[in-house]
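Going by the numbering used here, the final residue of the sequence shown carries number 318, and the count climbs one at a time with no gaps. All C-beta atoms in this analysis are idealised placements derived from N, C-alpha and C, irrespective of residue type, glycine included. Predicted, not measured: the structure shown is a model, and the values here were computed from it.
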Amino acid sequence: MAWVLLVVLALALAIATYAWFEAGWLRRRVLEVELAGISAELDGVRIAHLSDFHLGVRGRGQRAAQAAVAWVAERRPELVFMTGDLVSRRAGLTLLERLLAELPGCIVVLGNHDFADSRDPFSERIDGDELDLLENVTVLFDQAVDVELRGQRIQVVGVDPRSYALYEARPGELADPRAHLRILLCHFPGVVRRVPEGAFHLVLAGHFHAGQIVVPLPGVRLRLAHLGKGDFEGLFRYGRTALHVSPGLGTTFVPFRFFARPEVTELVVRSSLMERDAITPEVTSRGM
């Protein structure tokens, strides 16, 4: 039976090798997203969404993050957003500073890993003064900021992961109905269920890493991270609000991804006057 053990070990090694490779195999995806009630002037606006860098830990996620930032910098979208978990350890701060310098003007919210609020034993708490390097970007902590684009006012609201965890965040109260486009940034996709219906046109989140380790079974994808959760990756619709959940770029616990490639996404806004009342399925097109 020794040969059986050898086969099992060889198979395990092959899977681990592929999973290590996949952690740096970046997908560059472009998706169109219809937003009900926005003006025709905003049709075609391009929004880059990046999330979950987890810099500072060993693995190929760092490679994916660098490639993602280079792609966004080359394409020069009108808006660039990051939705948290930028660093897992102090060792990643230098690289983060360098990557942010390539994306001036981007708007950022932080995630639980940025404050070591995680079960990941490799995560390291980063003090507030160590994040001063974020001075070249806009970081939102339960705050709103306005951006003028194509003569239209875009309101961006960001959620602090600490107040979100305590159920103290109230992003819906910051939404200004006079803004031509309202965007909510939060590390956690579940925020879409905590805001009034229609308060925001678009919600951007991350956190789930698309499951990170996924076992593809007939008719189902068993995601080993965050069991029982929904809205793992892609586009979803909640009434008049569109939710995009980024698969992210880095890894936690183990430096592997399996059937859950890292991704940088460009969302192309399409104006739509149609009212949406029901949740529609996740977009399944795999893009670039």
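Check your understanding: Since Q96 is in the alpha helix (DSSP H), which residue starts that stretch and which ends it?
Key -> The count along the sequence shown starts at 1 and reaches residue 96 at position 66. G91 to R105 is the span of the alpha helix (DSSP H), which, as asked, contains Q96.
Check your understanding: Would DSSP call L43 helix, strand or coil?
Key -> For the purposes of this step, residue 43 is taken as the residue at position 13 of the sequence shown. In this structure, L43 counts as helix in the three-state DSSP scheme.
Exercise for review: Use the C-beta contact count for E305: other C-beta atoms within 10 angstroms, 16 or more gives buried, fewer gives exposed.
Suggested key: Taking the sequence shown and counting its residues from 1, one reaches residue 305 at position 275. Confidence is the limiting factor: at E305 the pLDDT is only 40, short of 50, which leaves the residue's position unreliable, though a coordinate-based value still follows. So E305 ends up on the exposed side.
Check your understanding: Candidates A78, A199, V244 and R88: which alpha carbon is nearest E108's?
Key -> Numbered from 1 along the sequence shown, position 78 holds the residue referred to as residue 108. When each option's Cα is compared against that of E108, the closest is A78.
Exercise for review: Go ahead and label R106 buried or exposed: buried means 16 or more other beta carbons lie within 10 angstroms of its beta carbon, across all protein chains shown.
Suggested key: Locating residue 106 in the sequence shown gives position 76, counting from the first residue. Burial call: exposed.
**Study point:** Where the alpha helix (DSSP H) through E127 begins and ends
**Key:** One-based indexing of the sequence shown puts residue 127 at position 97. Counting along the chain, the alpha helix (DSSP H) containing E127 begins and ends at L123 to A131.
Point to revise | Identity of the residue in A255, H274, G181 and R57 nearest I101 by Cα | key: In the sequence shown, the residue the question calls residue 101 occupies position 71. Reading the sequence as shown, one finds Trp at residue 101 and not Ile. Nearest option by C-alpha distance: R57.
Exercise for review: Assign L35 to one of three DSSP states: helix, strand, or coil.
Suggested key: Your numbering for residue 35 matches position 5 in the sequence shown. Helix.
Review point. For the candidate residues V167, Q173, S118 and A32, whose alpha-carbon lies nearest to that of V186?
Key: Along the sequence shown, read from residue 1 onward, the residue named residue 186 stands at position 156. That would be Q173, whose Cα lies nearest to the Cα of V186.
Review point. Is the CB-CB distance between A103 and E71 below 8 Å?
Key: Your numbering for residue 103 matches position 73 in the sequence shown. Your numbering for residue 71 matches position 41 in the sequence shown. Contact: no.
Check your understanding: Going straight from the alpha carbon of V138 to that of D261, what length do you get?
Key -> Stepping through the sequence shown from its first residue, residue 138 is reached at position 108. Stepping through the sequence shown from its first residue, residue 261 is reached at position 231. Taking the straight line from one Cα to the other gives about 21 Å.
Check your understanding: Helix, strand or coil for G278 per DSSP?
Key -> Position 248 of the sequence shown, counted from the first residue, corresponds to residue 278. Note: G278 maps to coil in three-state DSSP.
Review point. With 16 as the cutoff for other CB atoms within 10 Å, does S81 come out buried or exposed?
Key: As a first step, residue 81 must be located in the sequence shown, where it is residue number 51. Burial call: buried.
Practice item. Check each candidate in S301, R291 and R300 and name the one with the smallest Cα separation from A53. Key: Locating residue 53 in the sequence shown gives position 23, counting from the first residue. Looking at the Cα atoms, R291 is the closest of the given residues.
**Study point:** Nearest to T271 (by Cα), restricted to the options V225, G91 and G141
**Key:** Your numbering for residue 271 matches position 241 in the sequence shown. Checked all of V225, G91 and G141; the closest Cα to T271 is V225.
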